[in-house]
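The structure under discussion appears below in the form of structure tokens.
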Amino acid sequence: MSMTRPFETFSRRELFRIAAASLGGISCSPWLPKLAMAAGTKRPPKACILLWMGGGPSQMETLDPKPGHRNGGPTEAISTAVPGIELSHNLPGLATQMKDVALVRSMKTREGDHGRATQLMMTGYRPMGGMTDYPVLGSLISHRLKPNDSPLPGFVSIAPFRFGNLGSGFLGPDHSPLVVSGASNDPNTRANLTVENLDVAGGNPDALLERQGLLNMLRQGAPSSSPAAVKHASVYDQAMRMVETRGEGAFELDEEPTELRDAYGRNRFGQGCLLARRLVERGVPFVEVSLDAAGQGSWDSHVNNFSAVSSMCEVLDPAWSTLLSDLRDRGLLDSTLVVWMGEFGRTPRINPNRGRDHFPDAWSVALSGGAISGGQVYGKTSADGMEVSDNPVTASDLYATLLEGLGIDSGGDNAMGDRPIPLVDEGGTPIRELLG
Amino acid sequence: MSKSVVLLIFFSVAAAWRPVAAVADSHGDTLSQWIDQRGEQLWGKPPAACSDLTFVRRVYLDLVGRVPSVSEIRDFQTLGDDRRELLVNELVFGEGPRREAYTRLSASSLARHWRRVLIPPGTVVNGSVQGLETWLEDAFREAKPYDEMMREIAQIQSPDSAGGYYRLVGGTPESYAGNLSRVMLGVRLDCAQCHDHPFTDWKQHDFWGLAAFYSDINGSIDNPDGSQPTGKSGEIRFEGETYRAKVLWEDTAMDDAARAPRVRLARWMTSRENPNFAATAVNRFWQLLVGRGLYADIENLDLANDDERAFLDDLGQKFADDGFHVQRLIAAICKTNWYAARALSESDSDETFRRELKVISPEQVFDSLEQSLHLPISRIDPAAPRWTGARAQMVNRLGEAIGETPEDYASGIPQALMMMNGPVTSDAIDLDRSRLLRAVVESPFFDEDKRIETLYLAVLTREPSEAEKRSLTEYLDNKPDETTRRKAFGEILWALLNSPEFVLCR
């Protein structure tokens with residue numbers, strides 16, 4: 001593409017020049033795989049993948065089975081790769097990965113309402129009227145670990161489903177999630193995992209370079225030292241690089257071997273976990289993948305808990321276990337913390353609808369990767385599952401542990417104006433046993 | 001003729017209620033001069049005035065919530081020497097031929113601003129805010145005095161009163177108390193909910209004393225860790241302590257706190273003797289219009305220095321003397337040299353006057369696009385983007401990222417992607433679908449300079465600079481044929497819509 005003379009005076013960004021010079025222009029597809037490969041060879045910094053189980057999964061049908069007790073219902077326990085640790089029969093794949101998984105079976109929180117509990121587990125702070133708008137975990141991590149030069153955002157949320165409208169809070173929009181929608185479960189296309197508005201308006205990718213030139217010209221018109229104008233320019237430049245590189249090719253899931261895609265599961269959550277790995281490879285420090293409803297199930301299993309959870313696990317188990325092995329195979333597991341949690345657990349007593357209700361008193365989460373030392377169980381519940389009998393863990397303790405697992409000092413502060421806000425709500429202590 | 005009758009009625013009513021000032025200063029002109037002088041005492045000489053076109057863009061965005069049309073710009077230019085004052089009167093008081101439209105637009109624009117004051121972005125709300133916005137819109141359209149509006153909010157008798165504000169912000173006495181003190185008095189008490197405030201003088205009994213006024217409103221959510229009613233009005237329990245209704249800056253609870261507590265609170269809250277009420281009000285209106293409050297940290301009024309505080313108190317007193325007449329206060333501010341000042345870049349000192357660019361609200365973005373792009377807006381055209389959900393979609397997406405003050409640009413990548421590639425933009429730059437492009441590119445009366453100029457006026461309310469004209473002419477000249485040349489106008493329009501200037505108010 002030949003540029004007119006005045007356009008050469010525009011200070012176009014380096015990337016455009018490089019793209020134009022080295023690859024003969026900016027027309028899309030041919031050079032994308034190269035870019036993606038280049039992205040893959042960089043060793044990414046630390047990252048976190050949150051597998052968010054909105055609705056509150058039953059601990060007894062997942063990480064803390066109680067076979068032989070009336071409260072345990074029909075759920076059986078299976079042995080795992082670590083002698084002595086058992087999981088529910090719903091998670092055979094995870095059982096093979098147990099050496100890298102640390103179970104926390106003694107979560108003890110105080111919120112039994114979806115909205116309030118989500119706020120607690122997503123921010124680490126107890127919900128309070130007014131006052132401070134706390135950021136969610138993804139924004140916290142993005143703020144700490146986002147690389148300066150990445151064209152990708154620091155926080156990507158795949159097919160989010162949450163109770164309540166939570167976001168980056170006082171950390172601002174630089175750290176709010178880029179949402180990848182997943183409206184359909186169509187297994188054969190990647191159209192179900194796309195970023196909205198990533199296609200160049202007018203359908204002509206060549207227009208991008210001209211538009212950047214025109215925009216640079218117009219930016220001279222706005223008072224350049226105005227913070228709002230400066231911010232606008234930086235956000236737009238980032239967005240343009242996203243469009244230009246199609247998110248560094250992260251969304252091209254069909255570049256992956258068929259067998260690997262099958263292993264993750266040809267569904268929104270499975271492909272979302274694969275996308276999470278591709279994003280982490282390209283330096284995105286936080287990716288959240290939600291599993292809310294698979295087929296007819298839901299984690300909010302007030303009715304028919306056992307069939308609901310087993311149908312959820314059919315989607316969860318292959319995706320989760322493949323994610324762990326895939327990260328390990330690529331040497332990414334030591335730098336990537338994988339967290340599995342919902343907002344609370346379910347009542348040990350089975351209700352008359354063969355369901356389980358909301359239960360914050362004693363429930364489970366699972367951690368792998370990062371600095372977490374796997375192959376262990378922390379904390380314990382009583383034989384009937386009704387209470388924590390050993391080493392209770394609060395949301396603050398868990399947050400402190402997650403941060404330390406990513407190499408972040410959990411005693412630190414977030415600066416909000418002149419006022420320091422602790423990263424972790426008061427009383428949070430990292431669990432040393434879980435950190436290698 | 002009918003206008004003078006209306007004005008006459010208006011004056012006699014106003015005169016009956018607010019004897020002197022209202023008649024003497026029916027359009028805020030005297031107050032405006034007073035503000036100019038008072039400002040000079042505090043900040044020195046005002047900076048140079050902005051250009052006419054910048055002024056028009058500013059007042060249209062601030063007062064009716066969208067950019068002016070090209071014909072409104074032309075009309076303004078014919079108004080003569082006092083055109084700025086006349087335009088303010090037209091938009092604020094609905095004077096002139098477009099009275100209906102401007103009155104409606106300015107009421108809804110004010111209602112949106114105030115809805116965000118009452119429920120700041122990021123608040124988790126219970127239900128839809130539309131009822132509250134409608135309540136506010138009615139109040140502004142009726143020119144209800146500000147103190148009266150706020151009294152209605154303070155003395156609610158049910159969670160559904162005053163647009164359901166109580167329920168929206170959480171339905172608990174503590175959340176309401178925190179919000180009222182923030183909104184009306186410019187103090188943040190929330191810290192004192194659990195412990196005495198670490199940085200200011202507020203104590204736990206200040207917070208709960210205020211919450212106690214609302215202890216007998218029904219409709220509270222079930223929250224075992226929150227407040228508990230005691231069964232008596234004007235009294236509340238929290239963590240084993242009982243607190244009785246008490247207003248701020250008083251050491252002791254009210255006598256006989258169970259007797260119509262909220263009516264008494266509302267009267268105290270909005271009275272001229274309240275040290276913060278009027279001062280906070282004028283500071284908020286100043287912030288809405290100028291961008292930064294007269295005292296910038298608008299909800300920590302306790303921390304203002306003596307000079308800043310004195311200006312606010314004096315202006316607040318004038319506002320109260322004028323019967324808390326919102327429209328006159330707004331007109332007065334818009335007619336000052338300070339409002340009309342050119343945008344300045346940030347200076348090192350907090351002591352001097354500053355005017356930064358303001359970021360326009362999500363609704364202003366859409367409504368401006370609608371205006372600039374000649375989108376169909378007829379109320380009976382179901383295909384108009386306003387009614388097909390395009391507006392709601394855009395407002396929601398932009399609404400995910402709103403700054404704390406009008407000067408913060410808080411949009412992120414999803415917002416930028418929507419403006420760059422979203423459906424409204426795609427249609428706007430498509431020669432077959434864009435009304436604006438067709439009007440401009442296909443008009444036989446326009447040469448290319450005129451086309452560029454019209455696009456600039458429609459979108460940015462200014463003319464292109466000489467340098468811009470040169471660049472764009474060369475850009476167009478470099479197009480190999482007529483088709484690509486025509487398409488290039490779409491690219492120019494894309495750039496105008498995505499320039500910082502479009503979403504900022506100069």
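Those sequence lines, one after another, are chains A and B.
Residues 1 to 436 in full-length UniProt numbering are what the first sequence spells out, letter by letter.
Residues 1 to 506 in full-length UniProt numbering are what the second sequence spells out, letter by letter.
Glycine included, every Cβ here is placed at the ideal spot set by N, Cα and C.
At a beta-carbon threshold of 7 Å, none of the residues of chain A lie near LEU105/B; the nearest stands roughly 25 Å away. Here the alpha carbon of GLY427/A sits roughly 47 Å from the alpha carbon of SER108/B. Restricting attention to beta strand (DSSP E) runs no shorter than 3 residues, the segment 164 to 249 of chain A encloses them at 178 to 181, ordered along the chain. In this structure, VAL393/A keeps its C-beta atom at 8 Å or more from the C-beta atom of GLY375/A. Residue state for VAL156/A is assigned as strand, using DSSP reduced to three classes. Taking C-beta atoms as the reference points, PRO65/A and LEU94/A fail to come closer than 8 Å. The C-beta distance from TRP299/A to GLY56/A rounds to 6 Å, short enough to fall under 8 Å.
Of the candidates GLN155/B, ALA279/B, LEU136/B, the residue whose Cα lies closest to the Cα of LEU265/B is GLN155/B.
For a cut-off of 8 Å, the C-beta gap from ALA293/A to LEU275/A is around 19 Å, too long to register as a contact. Under the Cβ distance rule, VAL359/B counts among the residues neighbouring chain A, one pair being separated by less than 8 Å. Contact between the segment 239 to 259 of chain A and the segment 305 to 320 of chain A is absent: fewer than 3 CB-CB pairs across the two stretches fall below 8 Å.
If you look at LEU369/B, you'll find it in the alpha helix (DSSP H) that goes 362 to 372. Neighbourhood of GLY169/A in chain B, by CB distance below 9 Å: GLY122, in chain order.
The C-beta of ARG284/B has 16 or more other C-beta atoms within 10 Å across all chains shown, which makes the residue buried.
Looking from the CA of ALA366/A, the closest CA among HIS302/A, ALA233/A, THR429/A, SER321/A belongs to SER321/A. Within the model, the alpha-carbon separation for PRO500/B versus ILE85/A is close to 58 Å.
Nearest to ALA101/B by alpha-carbon distance, out of HIS113/B, ARG66/B, ARG116/B, LEU132/B, is ARG66/B. Separation of TRP340/A and ARG126/A (C-alpha to C-alpha, rounded to the nearest whole angstrom) is 20 Å. The C-beta of PRO153/A comes closer than 8 Å to at least one C-beta of chain B.
Distance from the Cα of PHE353/B is smallest, within the candidate group VAL359/B, VAL70/B, GLY96/B, ALA343/B, for ALA343/B. Within chain A, the residues whose beta carbon sits less than 8 Å from that of ASP430/B are GLY202, listed in sequence order.
Proximity of the segment 310 to 317 of chain B to the segment 30 to 39 of chain B meets the contact definition, three or more beta-carbon pairs being nearer than 8 Å.
Counted as a single uninterrupted DSSP element, the stretch harbouring ARG391/B is not any beta strand (DSSP E) but the alpha helix (DSSP H) occupying residues 390 to 399.
Remark: C-beta atoms of ALA229/A and LEU496/B do not approach each other more closely than 8 Å. Per the coordinates, the alpha-carbon of ARG244/B lies some 50 Å from the alpha-carbon of GLU61/A. In the DSSP annotation of this structure, THR429/A is not part of any alpha helix (DSSP H), being labelled neither H nor E.
Per the DSSP secondary-structure output, ALA177/B pairs with nothing in a beta bridge.
A straight-line Cα-Cα distance of about 41 Å links GLU152/B and LEU178/A.
Its Cα nearest to that of VAL64/B, the residue ASN89/B stands out among ASN89/B, THR483/B, GLN77/B, ASN478/B.
For VAL179/A, the residues of chain B that pass the 9 Å Cβ criterion are PRO414, in the order they occur in the chain. Of the residues assessed, ASN179/B falls on the buried side of the cut-off, its CB having 16 or more other CB atoms within 10 angstroms. For LEU496/B, the residues of chain A that pass the 9 Å Cβ criterion are LEU214, LEU218, in the order they occur in the chain.
By DSSP's assignment, LYS358/B forms a beta bridge with CYS505/B.
Listed along chain B, no residue sits closer than 8 Å to ALA102/A by beta-carbon distance, the nearest being about 31 Å off. Secondary structure at GLU86/A: strand, using DSSP grouped into helix, strand and coil. Nearest C-alpha to GLN415/B among GLY399/B, TRP249/B, PRO46/B, GLY122/B: GLY399/B.
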